[in-house]
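Residue 6 in full-length UniProt numbering is what sits at position 6 of the sequence shown, and the numbering runs on without skipping anything. For every residue, glycine included, the Cβ atom is placed at its ideal position computed from N, Cα and C. This one's a predicted model, so the numbers in the text were calculated from it and none came from an experiment.
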Amino acid sequence: QCLPDYFSPWEELARNLPYLVKNPGVLHQRINKLPLLDHCNLSSEDEWKRAHLVLACISHAYVWCKGDAGVAKVLPKCLAVPWVAVANYLGIPPVITHCSFALYNWKYIDPSNNIDVAIMMTGSSSEEGFVKIPILMELEFGRNGLHVSSNMFFLTMSRCMLHLPDKDLFCFIDSKAEDSFLNRMRYYMPPKHRAFIEAVEQGPSIRNFALTRGDPQLLEEYNECVKKLKDFRSSHLQIVARYIVIPGNRGKSNNQLGMAMRGTGGS
């Protein structure tokens, strides 16, 4: 569940993030003293994924821990070099994404399949609920939505998980403005997830099949699937409004909270 001993400086920082994000000066001091560790000492796929999670959490904490007025413009070499290398190896960007902060960020507590969050940035129950929900939905639909406080999420977690503020932080990410939002989101997915979407996209049209088959029951079931997808998307937008937009609007009059309305992956 943890990286080999060679990477213990990373692991120790990640383990103490809930304390360190409340003490920005200490956090920056600790990170600036980190040695430049050789990412080539990572071996298994799980170790590479763990390294991405650890470096993502530490880096986002470094950037945002001093609030909007003290956003870091450059990452120290001890973070930037290994994080970019790890991200390139995994085929995902060096930023907190769903795959790193959720899919790579859980562990079993006991044989009954109860799960726990591996790394937390605030240590709050709201953060725990936010991370666990998508994991439980993928393992088996979870019913933990009520355990997430919208105000707590916005005021604490969203600050650490915000997009990185300046594309020149690394000076290598190429973003094409003309791409559609959904196509851009593929950039933040693991390569196999992207490949699945592209395979479905290149395959035959399910809609055309349903319309031309001449089967009323098939058409009804297809329309029901589309409706379910629409309902899911609507629910998701409501959650975004509840946890991001509404708390953000409340904080516009407060300079400390007047951050850009952006999602965890830069959306």
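Measure the CB-CB distance between residue i and residue j and report whether it falls below 8 Å.
| i | j | result |
| --- | --- | --- |
| residue 119 | residue 53 | yes |
| residue 340 | residue 240 | With the chain running from 1 to 267 in the structure shown, residue 340 is simply not present. |
| residue 93 | residue 188 | yes |
| residue 31 | residue 17 | no |
| residue 114 | residue 131 | no |
| residue 1 | residue 107 | yes |
| residue 211 | residue 219 | yes |
Out of the options, which one is the CA nearest neighbour of residue i?
| i | options | result |
| --- | --- | --- |
| residue 24 | 36, 240, 216 and 69 | 69 |
| residue 271 | 37, 243 and 49 | No answer is possible for residue 271: it lies beyond the span of the chain, which begins at 1 and ends at 267. |
| residue 75 | 106, 233, 34 and 238 | 34 |
| residue 89 | 7, 212 and 42 | 42 |
| residue 58 | 237, 1 and 29 | 29 |
| residue 97 | 128, 56 and 233 | 56 |
| residue 4 | 19, 36, 44 and 27 | 44 |
| residue 65 | 217, 19 and 227 | 19 |
| residue 15 | 71, 80 and 117 | 117 |
How would you call residue i, buried or exposed, if buried means at least 16 neighbouring beta carbons within 10 angstroms?
| i | result |
| --- | --- |
| residue 95 | buried |
| residue 7 | buried |
| residue 61 | buried |
| residue 39 | buried |
| residue 77 | exposed |
| residue 63 | buried |
| residue 125 | exposed |
| residue 243 | buried |
| residue 214 | exposed |
| residue 225 | exposed |
| residue 206 | exposed |
| residue 180 | exposed |
| residue 216 | exposed |
| residue 203 | exposed |
| residue 237 | exposed |
| residue 182 | exposed |
| residue 221 | exposed |
| residue 249 | exposed |
So residue i and residue j are in contact, right, with Cβ under 8 Å, and what is the actual spacing, rounded?
| i | j | result |
| --- | --- | --- |
| residue 91 | residue 190 | 7 Å |
| residue 27 | residue 10 | In fact, because the Cβ distance is near 14 Å, the residues do not count as touching under 8 Å. |
| residue 194 | residue 186 | 5 Å |
Measuring from the CB of residue i, is there a heavy atom of the ligand ATP at a distance below 7 Å?
| i | result |
| --- | --- |
| residue 94 | Among the components modelled here there is no ligand, and therefore nothing to report on the ligand ATP. |
Quick check: the stretch 95 to 107 against the stretch 194 to 203, are there 3 or more CB pairs under 8 Å?
no
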